[in-house]
Amino acid sequence: TMESREAGQHAGDADGTQEDVAFNLVILSLTEGLGLGGLLGNGAVLWLLSSNVYRNPFAIYLLDVACADLIFLGCHMVAIIPDLLQGRLDFPGFVQTSLATLRFFCYIVGLSLLVAVSVEQCLAALFPAWYSCRRPRHLTTCVCALTWACCLLLHLLLSGACTQFFGEPSRHLCRTLWLVAAVLLAVLCCTMCGASLMLLLQVERGPQRPPPRGFPTLILLAVLLFLFCGLPFGIYWLSRNLLWHIPHYFYHFSFLTAAVYCAAKPVVYFCLGGAQGRRLPLRLVLQRALGDEAELGAVRETSRRGLVDIAA
């Protein structure tokens, strides 16, 4: 099958001159290091968002994105171990196929959630009155659940048609489904870029009721990260499964950029939420990145009152 063939060719792609092998080992080592940092960063985001109750609906998106990135990076780091060990270790075929399909599943989930949050943030900036008064209460939860369900359905269809998990694979159906995945990736990218462009124009025009401070910047940076670092992995994956010609070096390059994409997002969150000259707890830093200024004001007021009571 295409995916098992793709997974089984990892060692073959690393063959070449000694310089190529050394270069690939450096790239793979960087990928492992970035993956480890990304696991820690996304784990911190996941823990902070899940252990505190947030009123901001966008926090639910970031929680799901961190979960998808965490699973992706875990599979990513395990999948490239045979390449790092230069043929001294090889996984069974079903393990390679499982890692391959699970990575693409989490990749599509993360992209879909990023599209959803960029579209919703754009609507919040364009129609602030409607968004504040008429937005369905459980919209974010429903969108996230629907995203996971639809991506899981696509994952199961690809696994059934392209692997031997659920019976004999179908070459024609497999290629058709990967073409559908390619169209889906293109539609998601175009939608995300359009929503981000409208959001950028709206922020630059300075509306009377701007969106939460800091969060539009967070979304725009996440979109740029995807276009420059996350998109090469999707292009590579589709090219391999649709048998399109791609340069040899693009294999490890796309793996490195995918690790950068997932590992850099928590850094963006915490950098945007930080305060110059002050050290804040990570929970408050994340709240600042989400734009929870009202809640932060309440926290500061409570702390101030507590100090006054103690002094009295």
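If you're matching positions, the sequence shown starts at 2 in this note's numbering and goes up one per residue.
We put the beta carbon where it would ideally sit given N, CA and C, even for glycine.
- Under the three-pair Cβ rule at 8 Å, the segment 68 to 75 counts as touching the segment 26 to 44.
- Straight-line spacing of the CA atoms in Glu-205 and Val-268 works out to 24 Å.
- According to the DSSP assignment, Asn-57 belongs to no alpha helix (DSSP H), since it is labelled neither H nor E.
- The three-state reading of DSSP puts Ile-82 in helix, counting H, G and I together.
- The alpha-carbon of Cys-191 is positioned some 19 Å away from that of Val-66.
- Taking C-beta separations shorter than 7 Å and ignoring five residues to either side along the sequence, the partners of Ile-61 in its chain run Thr-141, Thr-142, Cys-145, following chain order.
- Glu-121 sits buried, since 16 or more C-beta atoms from the chains shown fall within 10 Å of its C-beta.
- By the beta-carbon neighbour count (other beta carbons within 10 angstroms, threshold 16), Phe-271 is buried.
- Cys-123 sits close to Met-199, with the two beta carbons spaced by under 7 Å.
- Between the segment 250 to 264 and the segment 25 to 33 there are three or more inter-stretch CB-CB distances shorter than 8 Å, so the stretches are counted as touching.
- Bounds of the alpha helix (DSSP H) holding Gln-97 are 94 to 127.
- Looking only at Val-96, His-246, Tyr-108, Gly-195, the smallest Cα-Cα distance to His-156 is reached by Tyr-108.
- Asn-25 and Leu-185 have their C-alpha atoms some 31 Å from each other.
- The C-beta of Gln-97 has 16 or more other C-beta atoms within 10 Å across all chains shown, which makes the residue buried.
- Looking at the backbone, the Cα of Ala-162 and that of Cys-152 are separated by about 15 Å.
- If you look at Cys-152, you'll find it in the alpha helix (DSSP H) that goes 140 to 163.
- Only buried fits Ser-113, as 16 or more other CB atoms lie within 10 angstroms of its CB.
- Taking 8 Å as the upper bound for CB-CB distance, Cys-68 and Leu-47 are in contact here, some 6 Å apart.
- The beta carbons of Leu-219 and Ala-290 sit closer together than 7 Å.
- Nearest in C-alpha terms to Lys-266, of all of Ile-247, Ser-240, Pro-129, Asn-43, is Asn-43.
- If you ignore the 5 residues before and after Leu-100, its C-beta comes within less than 8 Å of the C-beta of Ala-8, Cys-76, Val-79, Ala-80, Phe-92, all in its own chain and listed in chain order.
- Contact annotation: Tyr-237 and Phe-216 have beta-carbon atoms that are not nearer than 7 Å.
- In the DSSP assignment, Arg-284 falls within the unbroken alpha helix (DSSP H) covering 283 to 291.
- If you check the CB distance, Leu-159 and Leu-178 come in under 7 Å.
- The C-beta distance from Ser-119 to Val-22 rounds to 40 Å, too long to fall under 8 Å, and the pair is not in contact.
- With 16 or more other CB atoms across the displayed protein chains lying within 10 angstroms of its CB, Cys-175 is buried.
- Sequence-distant Cβ neighbours of Gly-195 in its own chain, meaning closer than 7 Å and more than five residues away, do not exist here.
- For Arg-206, the enclosing alpha helix (DSSP H) has its first and last residue at 172 to 206.
- In the displayed model, Tyr-250 falls within coil according to three-state DSSP, outside both helix and strand.
- Per DSSP, Pro-137 lies in no alpha helix (DSSP H) and is assigned neither H nor E.
- Following the DSSP letters along the chain, one finds Trp-238 inside the alpha helix (DSSP H) bounded by residues 232 to 242.
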